[in-house]
Each structure stands twice: as C-alpha cells, then as structure tokens.
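**Student:**
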Amino acid sequence: MTTSRLLAVVTIIAVCVAAIVPGATAYTLIGHWRHIQNISDPHIQKLGQWAITEVNEVSPSGPLTFIKVTSGLQPAIALMEVEEYLLHINASRNDVINSYAAMLIEEDNTRKLDFFERDHS
Ligand SMILES: *[C@@H]1O[C@H](CO)[C@@H](O)[C@H](O)[C@H]1NC(C)=O
Ligand SMILES: *[C@@H]1O[C@H](CO)[C@@H](O)[C@H](O)[C@H]1NC(C)=O
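Quick note, the sequence shown lines up with residues -18 to -1, 1 to 103 if you use mature numbering (1 follows the signal peptide of the UniProt record, and there is no 0).
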C-alpha cells in the first residue's frame, strides 16, 4: 500500500467516526437543529438565491442582490420528503450588505419561503 493510499483509507475512517459521534466535528447539535456542514454546497447556495428572488417579487423596496448563504441550520431529524432550512443569507441593496434570515421548506418539487427578515444581532 502506498502512503497516499493509506492516507486515503485513514481519512475515510476518520470521516465515518466523525459522522456517528454527535457533537463531534461533523456537526453541532443545537436543540433539534444542526449546523449545515458544507455551506458551499451548490444546492444550499441555490436555495439562498431562490429566497432572494422570491423576496424581490413582492418587495416594495429596491431589489436585493444575493451574495451568499453564510450559515444554516437543518432539523437534526429530517421528516420524510420534507426538508427545512434556516439560512443566513448575505445580500446587498444599494451597495449596502446586510445579513438576512430565511426559513425555507422543500417538499417534493415545491419550495416555500416561510419567513424572511433582517438579522438583528
Ligand atoms: C463542499 O461542497 C463543495 C461543492 O459541492 C465541494 O467542492 C467541497 O469539496 C465540499 N467540502 C466539503 C468539506 O465537503
Ligand atoms: C455578511 O454580512 C454582514 C453584514 O454586512 C457582515 O458583517 C459579514 O461579514 C458578512 N459575512 C460574509 C461571510 O460575507
């Protein structure tokens, strides 16, 4: 076994261990929600972009420009076929960047924006 092959095997084992130990590096439990581990996942970023588009359709103020999803939470125990996300999204309006919180629900092929508001923190 070459060194790089061995390293690959060790890495896979480490990832498996992290995935089964709650509170370990894989994710942190906050009540019944867990942090979305890989926030650069294209699906997560796309959801943030979609939320901004939805808001722009009904917003009386100028349009928001999506920048990125900066963090997010998902239920620790997902319901079958229903995905919930609480996302923190950075977006700009007139060159001013603000952070927003959005709650999204995905079920089959439908998406719903449950709430969207400025982060107050
Ligand atoms: C996170 O997702 C991105 C896009 O799919 C991928 O390139 C990257 O390797 C992932 N990072 C981790 C730590 O899984
Ligand atoms: C998101 O926006 C907030 C408010 O402008 C800023 O403080 C923060 O650094 C931004 N985060 C990222 C990752 O760009």
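A virtual CB, placed ideally from N, CA and C, is assigned to each residue, including glycine. Source: prediction; values computed, not measured.
Just to confirm my understanding: we take residue 9, look at its own chain, exclude 5 residues before and 5 after, and list those with CB closer than 7 Å. What are they?
**Tutor:** Position 27 of the sequence shown, counted from the start, is the residue given in the question as residue 9. In this prediction, residue 9 scores a pLDDT of 40, lower than 50, which makes its location untrustworthy; the coordinate-derived value is nonetheless stated afterwards. If we look at residue 9 and ignore the five residues flanking it on each side, its Cβ neighbours are 16, 17 and 19.
**Student:** When we look at the beta-carbon of residue 104 and count the other beta-carbons within 10 Å, is it buried (16 or more) or exposed?
**Tutor:** The structure shown does not extend to residue 104, since the chain is modelled only from -18 through 103, so no value can be given for it.
**Student:** State the DSSP-derived secondary structure class of residue 95, mapped to helix, strand or coil.
**Tutor:** Within the sequence shown, residue 95 is the residue found at index 113, counting from 1. Correct three-state label for residue 95: strand.
**Student:** So, with DSSP's three-state summary, where would you put residue 89?
**Tutor:** Along the sequence shown, read from residue 1 onward, the residue named residue 89 stands at position 107. In this structure, residue 89 counts as strand in the three-state DSSP scheme.
**Student:** So which residues touch the region around ligand 1, with touch meaning a C-beta under 6 Å from any heavy atom?
**Tutor:** 20, 22, 23 and 24
**Student:** Using only CA atoms, which one of 64, 82, 35 and 59 lies nearest to residue 70?
**Tutor:** Counting from 1 along the sequence shown, the entry for residue 70 is found at position 88. Residue 70 has its Cα closest to that of 82, out of 64, 82, 35 and 59.
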